[in-house]
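Chains as they are written, first to last, in our numbering: chain A, 1 to 430; chain B, 1001 to 1430; chain C, 2001 to 2430; chain D, 3001 to 3430. Ideal Cβ placement from N, Cα and C applies to all residues, glycine included. For reference, the structure discussed in these notes is given below.
Protein chains: 4
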Amino acid sequence: MSHQATMDDLISFRRDLHRHPEPAWREFYTTARIVDELETRDLDALYVGPEILGSENRMAVPDDDELDTWFERARAAGAREDILERLTGGYTGALAVFERGEGPTVGLRVDIDALPITESDEETHLPTAEGFRSENEGFMHACGHDAHATIGLGVLDAVLDSDFEGTLKVFFQPSEERVAGGKAVVQGGHLDDVDALLAVHVGLDHPTGEVVCGVDGFLAVSHFRADFTGAPAHAGAKPEEGKNANLAAAAATQNLYSISRHSDGATRVNVGLMGGGTATNIVAEESFIEGEVRGETTELMEYMEDRAHTVIESAAAMYDCEVDIGVEGKAPSARSDEELTTLVRSVSEGVEGVDSILDSDDLGGSEDATYLMQHVQDNGGLAAYVGVGTDHPGGHHTRTFDVDEETIRIAIDVLSGSIEQIAATDPQAS
Amino acid sequence: MSHQATMDDLISFRRDLHRHPEPAWREFYTTARIVDELETRDLDALYVGPEILGSENRMAVPDDDELDTWFERARAAGAREDILERLTGGYTGALAVFERGEGPTVGLRVDIDALPITESDEETHLPTAEGFRSENEGFMHACGHDAHATIGLGVLDAVLDSDFEGTLKVFFQPSEERVAGGKAVVQGGHLDDVDALLAVHVGLDHPTGEVVCGVDGFLAVSHFRADFTGAPAHAGAKPEEGKNANLAAAAATQNLYSISRHSDGATRVNVGLMGGGTATNIVAEESFIEGEVRGETTELMEYMEDRAHTVIESAAAMYDCEVDIGVEGKAPSARSDEELTTLVRSVSEGVEGVDSILDSDDLGGSEDATYLMQHVQDNGGLAAYVGVGTDHPGGHHTRTFDVDEETIRIAIDVLSGSIEQIAATDPQAS
Amino acid sequence: MSHQATMDDLISFRRDLHRHPEPAWREFYTTARIVDELETRDLDALYVGPEILGSENRMAVPDDDELDTWFERARAAGAREDILERLTGGYTGALAVFERGEGPTVGLRVDIDALPITESDEETHLPTAEGFRSENEGFMHACGHDAHATIGLGVLDAVLDSDFEGTLKVFFQPSEERVAGGKAVVQGGHLDDVDALLAVHVGLDHPTGEVVCGVDGFLAVSHFRADFTGAPAHAGAKPEEGKNANLAAAAATQNLYSISRHSDGATRVNVGLMGGGTATNIVAEESFIEGEVRGETTELMEYMEDRAHTVIESAAAMYDCEVDIGVEGKAPSARSDEELTTLVRSVSEGVEGVDSILDSDDLGGSEDATYLMQHVQDNGGLAAYVGVGTDHPGGHHTRTFDVDEETIRIAIDVLSGSIEQIAATDPQAS
Amino acid sequence: MSHQATMDDLISFRRDLHRHPEPAWREFYTTARIVDELETRDLDALYVGPEILGSENRMAVPDDDELDTWFERARAAGAREDILERLTGGYTGALAVFERGEGPTVGLRVDIDALPITESDEETHLPTAEGFRSENEGFMHACGHDAHATIGLGVLDAVLDSDFEGTLKVFFQPSEERVAGGKAVVQGGHLDDVDALLAVHVGLDHPTGEVVCGVDGFLAVSHFRADFTGAPAHAGAKPEEGKNANLAAAAATQNLYSISRHSDGATRVNVGLMGGGTATNIVAEESFIEGEVRGETTELMEYMEDRAHTVIESAAAMYDCEVDIGVEGKAPSARSDEELTTLVRSVSEGVEGVDSILDSDDLGGSEDATYLMQHVQDNGGLAAYVGVGTDHPGGHHTRTFDVDEETIRIAIDVLSGSIEQIAATDPQAS
């Protein structure tokens, strides 16, 4: 594929990414492929990995062994060596910039990471039938980020090919699934001058042909990990000498779910992962839980977070254990600006294949695009999160999820059209 | 080393095993080394792996990947290929038999497996200082089974060299730490004709020079594993669709410890291992707990086991989960016969270096030697579990455990002397 | 006081009820006082106690001892003997009916019961300062139902005195605080011909002078009581023989709060009451919990109810206990009809003292007026729940709650005006 | 009945006490009847209520209302007014002293309180059939203390009538069932000069005719009460403002049972009583648990007590509640001295109706006679706890418990004989 990519090019690009799903901060192959493509475009700047990310308190970074494993896997899959070298330490992602004439700076944010889900191997699952099922067994693009990265590329090409005047920045953001990449991108500084930001997600239970101009209802989220440390003991001979980290983790788990619902709005709590102990006959010295709390607003999320810490610390104290609580990911809530959603609606009305347009809909989940949106809005800019429907056979985050590839074309038209329109009308200025 | 092994030979043999600790059913190197030695002796029969074990419902057998890993590790460490081949499928252990003249069949049982404990790397730890620290990082002979295997060899040599008349069977039993090997050895059938059985353990908080003629107070034990299966769901978007396996596991854990104490005697319960879930934002579909219950008597253990199953099943039902409960290891309680302990006392009185003799002491833990003992006793035979003290710097099952090697010599003298005496007096006949 | 009551009469009537707060199904004094007043009016029918209530599966009825205690207390406080006799068995409440000419049947529902809360005895609390603090120590009109009953009487008088044409039914409903009276009133049948129903509540965090034309956001609710029965045992000598009802209740409590939040809307759960056991040294044979679940919709409440039953039954099974689960109160969700709220707004605009009018507001709690509203609506009629603000120093259900008595006058004007207007315009017909 | 009581007198005395069971610190009728009898004997001193008890930190004393209720009940049952007046404040119990010649001071301790258990009303239950079933409904002499008080009187008479030389002190101790009276009696000072102490219990699963010379195996015990205080809130409208005392109590309960078993010996834990909250729709502000921990030794009990406090405090912290933990009763472990048990054996051999004598047996429960025994032993004296078997149809602390009255005669013979023998041989001196 070369500039200017055809739809066939884009679809085969998406399928290549689909075959190589990589989880948060390990998007080595993915980034290398994106950068490889971007280098063929006539850009004003191309930033890679550490050049777009803040390095302070980066959340949810895996350990070196884990990073190495995926680094080698990317190399083995044929990722370009010279690009890989720029990504060491799990600094993944890329940013394409081009400037043309006077005009606002418009940002587009797409995310690129995959999930720890084993992809369906049934023939009824299109990627299996068509031969682009995941080659990284146990991992899968089950939320459409392969399509998102492709849309980013397609929008870039479309805008390059238009009368757009202004600056376009396309952010290929890593580690969204761990809600850890958004904050790092904000800290990287490249959003500081963005006047209007669009983010995009396919699907979200909307069919192909439906566009949601401004998704709302983001739940603010915080991921935590609590490591309990007690004291081991022989469970038969000296049980009383143990400080039971497994019991502390179990008590924490049970009581985390008991945090009171809140009358101000929706909250969530989940202990998604747990693990502890070494042998049946040893009182567990170490145990951990990893989970998340959410809230309809950032305040509600913080209410849950405060209470969660109290519960976890009390559960540790109950069994004479120490506990270390870390925050592994975080995103605020956010809202789409009406100035942009109105604009997206008017553009969508002219896009072929769009037969239903919603002004807004609730996401009901979390997304760290909200960090970027909030940052732009805090600086006086505008932001909207655009949903582009796709017929997906299985739900998001399930093993039979897939994207109707027609959606990619629609999304490119809607987003590139909107970006051109933003440049033309500068809605923020009005 | 060759027959007749000197103490120096035996110590270097023990240190070799110490450097290559292998957990339950993965004692490939260990078995190969033992068999290699046994082949140099003048035996009437030498059984290896599957030849000594029943194959039905063998407990706690790891999966093939895990077995392969250790198999290759043994090969890489230099284990004899021809012996390894006889051990595939995790059928480890060996049995040496020799017959001489008329007389009773006497058994000696030693165990050979190691623990998933990381050995101390401080210079104050003798194996580190002397260069025979574990080479299988994360695993360790932290309960002296390296010494036990060595004692088995030493006793064999000593009896071979004596006036013993009868049949001697030395069982090198695998998988004691998972209390899974004992039952398999009984099912293998080689104990059916044993008239008197001795088992041995070093240490047990007794110093070098102290002998416990008949250890008692074995806690009957049962290891369980419960696998909970619920339904996954996005924890933010559709939490109500989840059936939370982690919560079921946590509820089970909390309530297992609440099983009532029993007025008939000591009981124990421990959830040693737990784990579940795949991601912070997914309601866990699968979770497991692995643990054990014990009782001062087999009945008390069974009381705990019954109650534990009710708790686990109810916890699963509480969260609409399915649960599969498996028994992973089991041992009854047992007692040492006075006819044998009296004999061991009289022999010990004449052993150099023995300065304290106790008739009995409570183990306070579990041991699947009890399966062998009970089987021999059920057939009308006698059994005793002999403790041979050793100065051990760290406690059993801790990373600084070690054996005072003088103990090996004392144990060989006490046990070979007792075996000769059994043959001479046939205490069962009296 | 006699017909036509002045505001002074009404205020002293309200203070009399305030001095004699009576909880659900025990409103003997209250009903007797109301009936005593109603008898002086020119009514077409006056129904008392069992004449207005269905008797099948009445929820939350106290036992005979408890009923007797309050019956005698009412008698001692001076309630009329002949009326009391009509209320035996805890059939409390009254219904006043008058018909005049042709016109729709309009219902007004007020509730009359009090709460188990100890009223403040500080001088800053007006009822204390003015001498009408609760004389039933431990019980209090802490939600304004004394004002509601008074408003019912005042509205009746005002409508009697107006040009109203149609039928007016004023329901003085018992047992709202236990959400148990509403269903019984529906079952009593007197609502079957009601074309339009108004219900009223004072306060709800709105100040004096503010009217909410149609309160919405009722949470559907279900009250449960679970009685666990295990087996007693001496906790020292034979703990294992116990089946621990207290542990079952504690496990149920912990896990009830862990029922997953729901993405369709707000849910609630509370174990408000618990109790069990007889002595520290006896394993508790009996224990109970009493609580409630709520949902933003009836479906969400039923989701919680289903899950709650599973949790409670599993907790019982976990400890080999039996459990009996009863439903003690229940109310669906409901909404106010716009036809009525528009009418209430237009009337309120002309009422002296009203300086703020809201079309709607969320209650955020539960109310069994919803049973009545839903029944009228199911029959093709209209319903609205009108909020009349009052400056209340303490929150609802706290010991310093009180009503600004000016509110009583405003409520009478708003409601009687609305009733007259309903009769005049018959909004349902339009 | 007057001095010298016949067996018929004693049996009717026992039945009178049985008809008037009174719980801890409320033994008004019981004490009055005992004192009424004692006054007819020729004693050197007769101490009543406050004269025998220390007043500092008396445990488990009920509130004034509760004391008044029982006080009035005793008066109504015909207790002597002049004696009742000496017992105000719940200072119950009595001490009879007589001195004759030179000789050791011998103590006998009997307890006098009853239990909160409803007595069986079936005709198969002898007290029902014979008309001496409990008249204090809900309370019952279900542990034989009615027989103990009678035995105390009978032994006094027997010794008075013998050649005994020395001092005899018969302690009628209150509040044993709450293990609260023993410490108070020790603090009262009358035990300071006792050289040998006997305590007695009937039954304990031994049949009529069997004597246990020295009961051992007392579990040390500590009773606790934890009062949790949170914050109330409307469970529907503002659940997040609540600090849920019921949840704190439930979490404490669950985790108290999870305190690890101890390898040094038997432990126990029980939450016998729990209660909290005011209404289903209010987050509970207050909740309590009342329970006990025990240990085979005083150290084991203290291990449990320490851990229990940590659990309770952590459970409170978990839900932002305050907690107040009180100790409501306590008793150490103790052992019977062999010098005395040998003497009891020799006496028992000569007692008519005794057909089985055991040197010792484990109680398996707790008793605050241990406070008295330990105090005497600490002062250099001797103590033994004598069991006198009785055929009891129902178990101790059940509603069908009863005493075979022949036991009373046997106990009097064994104990008076032993006391005379102690005086004769002064075993402590030897």
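What do you reckon, is the C-beta of Thr1124 of chain B under 7 Å from a heavy atom of the ligand FAD? Judged by which ligands are present, the structure shown has none, so any question about the ligand FAD falls away.
Determine the DSSP secondary structure at Gly154 of chain A, reduced to helix, strand or coil. Locating residue 154 of chain A in the first sequence gives position 154, where the first residue counts as 1. Helix, per DSSP.
So which residues of chain B does Lys2238 of chain C contact, with C-beta pairs closer than 7 Å? Taking the third sequence and counting its residues from 1, the one referred to as residue 2238 of chain C is at position 238. Contacts between Lys2238 of chain C and chain B, judged by CB atoms closer than 7 Å, involve Ser1263 in chain order.
Taking the alpha carbon of Glu1296 of chain B as the reference point, which residue from D:Ser3314, D:Arg3261, D:Phe3288 and D:Gly3365 has its own alpha carbon closest? In the second sequence, the residue the question calls residue 1296 of chain B occupies position 296. Ranking D:Ser3314, D:Arg3261, D:Phe3288 and D:Gly3365 by Cα distance to Glu1296 of chain B puts D:Arg3261 first.
Rounded C-alpha distance that separates Met373 of chain A from Pro332 of chain A: Position 373 of the first sequence holds residue 373 of chain A. Position 332 of the first sequence holds residue 332 of chain A. Met373 of chain A and Pro332 of chain A: Cα-Cα distance of roughly 10 Å.
Grouping DSSP H, G and I as helix and E and B as strand, with all else coil, what is Met1059 of chain B? To locate residue 1059 of chain B, count along the second sequence from 1; it is residue 59. In this structure, Met1059 of chain B counts as coil in the three-state DSSP scheme.
Other residues of its chain near Asp36 of chain A: CB distance less than 8 Å, five sequence neighbours each side excluded: Reading the first sequence from its first residue, position 36 is the one you call residue 36 of chain A. Leaving aside the five residues that flank Asp36 of chain A on each side, the residues in its chain whose CB is nearer than 8 Å to its CB run, in chain order, Arg80 and Ile83.
Three-state class that DSSP yields for Thr1128 of chain B in the structure shown: Within the second sequence, the letter at position 128 stands for residue 1128 of chain B. Look at Thr1128 of chain B here: in three-state DSSP terms it is helix.
Cβ contact (3+ pairs, closer than 8 Å) linking the segment 1055-1066 of chain B and the segment 1112-1130 of chain B: When Cβ pairs closer than 8 Å are counted between the two stretches, the segment 1055-1066 of chain B is seen not to touch the segment 1112-1130 of chain B, the count staying below three.
Quick one: give me the first and last residue of the alpha helix (DSSP H) that Asn2255 of chain C is part of. Here residue 2255 of chain C refers to the residue found at position 255 of the third sequence. Here the alpha helix (DSSP H) through Asn2255 of chain C covers Ala2245 to Leu2256.
Identify each residue in the segment 2115-2139 of chain C for which the Cβ-Cβ distance to at least one residue of chain D is less than 9 Å, and report them in chain order. Along the segment 2115-2139 of chain C, going in chain order, the ones with a CB nearer than 9 Å to a CB of chain D are Leu2115, Pro2116 and Ile2117.
With a Cβ-Cβ cutoff of 8 Å, do His2375 of chain C and Val2186 of chain C count as a contact? Stepping through the third sequence from its first residue, residue 2375 of chain C is reached at position 375. Stepping through the third sequence from its first residue, residue 2186 of chain C is reached at position 186. In contact: His2375 of chain C and Val2186 of chain C (Cβ atoms closer than 8 Å).
Considering only residues of the same chain and omitting the five flanking positions on each side of Asn255 of chain A, which have a CB-CB separation below 6 Å? The residue you call residue 255 of chain A lines up with position 255 of the first sequence. Excluding residues within five positions, the ones whose Cβ falls inside 6 Å are Val311.
Residues bridged to Gln173 of chain A (per DSSP): Position 173 of the first sequence holds residue 173 of chain A. According to DSSP, Gln173 of chain A shares a beta bridge with A:Asp111.
Using CA atoms only, rank isn't needed, just tell me which of D:Ala3196, D:Gly3152 and D:Ala3369 is closest to Ala3096 of chain D. For the purposes of this step, residue 3096 of chain D is identified with residue 96 of the fourth sequence, where counting begins at 1. Looking from the CA of Ala3096 of chain D, the closest CA among D:Ala3196, D:Gly3152 and D:Ala3369 belongs to D:Gly3152.
Should the segment 3187-3204 of chain D be called in touch with the segment 3398-3412 of chain D, which here means at least 3 C-beta pairs below 8 Å? A contact exists between the segment 3187-3204 of chain D and the segment 3398-3412 of chain D.
Nearest-angstrom Cα distance between Leu3363 of chain D and Val3215 of chain D? As a working mapping, residue 3363 of chain D is identified with position 363 in the fourth sequence. As a working mapping, residue 3215 of chain D is identified with position 215 in the fourth sequence. Straight-line Cα distance between these residues: approximately 6 Å.
Quick check: Ser3314 of chain D and Ala3245 of chain D, are their CB atoms within less than 8 Å of each other? For the purposes of this step, residue 3314 of chain D is taken as the residue at position 314 of the fourth sequence. For the purposes of this step, residue 3245 of chain D is taken as the residue at position 245 of the fourth sequence. No; because the gap between Cβ atoms is not below 8 Å, this pair is not in contact.
With 16 other CB atoms within 10 Å as the buried threshold, where does Thr3267 of chain D fall? In the fourth sequence, counting from the first residue as 1, residue 3267 of chain D sits at position 267. So Thr3267 of chain D counts as buried.
DSSP three-state call for His2223 of chain C: helix, strand or coil? By one-based count along the third sequence, residue 2223 of chain C stands at place 223. Note: His2223 of chain C maps to strand in three-state DSSP.
Starting from Thr370 of chain A, trace the alpha helix (DSSP H) in both directions and tell me its first and last residue. Here residue 370 of chain A refers to the residue found at position 370 when the first sequence is read from its first residue. Counting along the chain, the alpha helix (DSSP H) containing Thr370 of chain A begins and ends at Ala369 to Asp378.
One question on the structure: do Ala1248 of chain B and Ala1316 of chain B come within less than 8 Å of each other, judged by their Cβ atoms? Looking up residue 1248 of chain B in the second sequence gives position 248. Looking up residue 1316 of chain B in the second sequence gives position 316. For Ala1248 of chain B and Ala1316 of chain B, yes; Cβs fall inside 8 Å.
If you measure from the beta carbon of Ser3258 of chain D to each beta carbon in chain A, is any gap under 8 Å? Reading the fourth sequence from its first residue, position 258 is the one you call residue 3258 of chain D. For Ser3258 of chain D, the answer is yes, since a Cβ of chain A falls inside 8 Å of its Cβ.
Is the beta carbon of Leu3415 of chain D sitting closer than 8 Å to the one on Leu3198 of chain D? The residue you call residue 3415 of chain D lines up with position 415 of the fourth sequence. The residue you call residue 3198 of chain D lines up with position 198 of the fourth sequence. Yes, they are a contact pair.
Determine, for His396 of chain A, whether the minimum Cβ-Cβ distance to residues of chain B falls below 8 Å. The residue you call residue 396 of chain A lines up with position 396 of the first sequence. Chain B contact via Cβ: present.
Could one say the Cβ of Ser2 of chain A lies closer than 8 Å to chain B's Cβ atoms, at least one of them? The count along the first sequence starts at 1 and reaches residue 2 of chain A at position 2. Unreliable placement is indicated for Ser2 of chain A, whose pLDDT of 42 sits below 50; the coordinate value is still reported in the next sentence. Taking Cβ atoms only, chain B never reaches closer than 8 Å to Ser2 of chain A, which makes this a no.
Sorted by chain position, which residues of the same chain lie with C-beta nearer than 8 Å to Gly101 of chain A's C-beta, five sequence neighbours on each side aside? Taking the first sequence and counting its residues from 1, one reaches residue 101 of chain A at position 101. Hits under 8 Å: Glu165 and Gly166.
For Gly3326 of chain D, collect the residues of the same chain with a Cβ closer than 6 Å to its Cβ; drop the 5 residues on either side in sequence, then sort them by chain order. Here residue 3326 of chain D is taken as the residue at index 326 of the fourth sequence, counted from 1. Around Gly3326 of chain D: Arg3225.
Rounded to the nearest angstrom, how far is the Cβ of Gly3329 of chain D from that of Met3059 of chain D, given a contact under 8 Å? Taking the fourth sequence and counting its residues from 1, one reaches residue 3329 of chain D at position 329. Taking the fourth sequence and counting its residues from 1, one reaches residue 3059 of chain D at position 59. About 5 Å; that satisfies the 8 Å criterion.
Could you name the residues of the same chain whose beta carbon sits closer than 8 Å to that of Val3110 of chain D, not counting the 5 residues immediately before and after it, in chain order? Residue numbering aside, residue 3110 of chain D sits at position 110 when the fourth sequence is read from its first letter. Cβ neighbours of Val3110 of chain D within its own chain (closer than 8 Å, five residues either side excluded): His3145, His3148, Ala3149, Ile3151, Gly3152, Val3170, Phe3171, Phe3172, Gln3173, Ala3199 and Val3200.
From what residue to what residue does the alpha helix (DSSP H) around Tyr3029 of chain D run? Stepping through the fourth sequence from its first residue, residue 3029 of chain D is reached at position 29. Its alpha helix (DSSP H) spans residues Phe3028 to Leu3038.
Quick one: does Arg1307 of chain B have its CB under 8 Å from some CB of chain D? Residue 1307 of chain B sits at position 307 when you count from the first residue of the second sequence. No - not a single Cβ of chain D is within 8 Å of the one on Arg1307 of chain B.
So what's Glu2099 of chain C in DSSP terms, helix, strand or just coil? Position 99 of the third sequence, counted from the start, is the residue given in the question as residue 2099 of chain C. In this structure, DSSP gives Glu2099 of chain C an extended state, which the three-state scheme calls strand.
Leaving out five residues on either side along the sequence, give the residues of the same chain with a beta carbon under 7 Å from the beta carbon of Ser2 of chain A. Against the first sequence, residue 2 of chain A aligns to sequence position 2. Model confidence at Ser2 of chain A stands at a pLDDT of 42, short of 50, so the residue's coordinates are unreliable and nothing is read from them.
Quickly, what does DSSP pair Phe2013 of chain C with across the bridge? List them, please. Taking the third sequence and counting its residues from 1, one reaches residue 2013 of chain C at position 13. Within the DSSP bridge table, the entry for Phe2013 of chain C names no partner.
Per the contact definition of three or more C-beta pairs closer than 8 Å, is the segment 2269-2289 of chain C in contact with the segment 2349-2360 of chain C? Contact between the segment 2349-2360 of chain C and the segment 2269-2289 of chain C is absent: fewer than three C-beta pairs spanning the two stretches fall below 8 Å.
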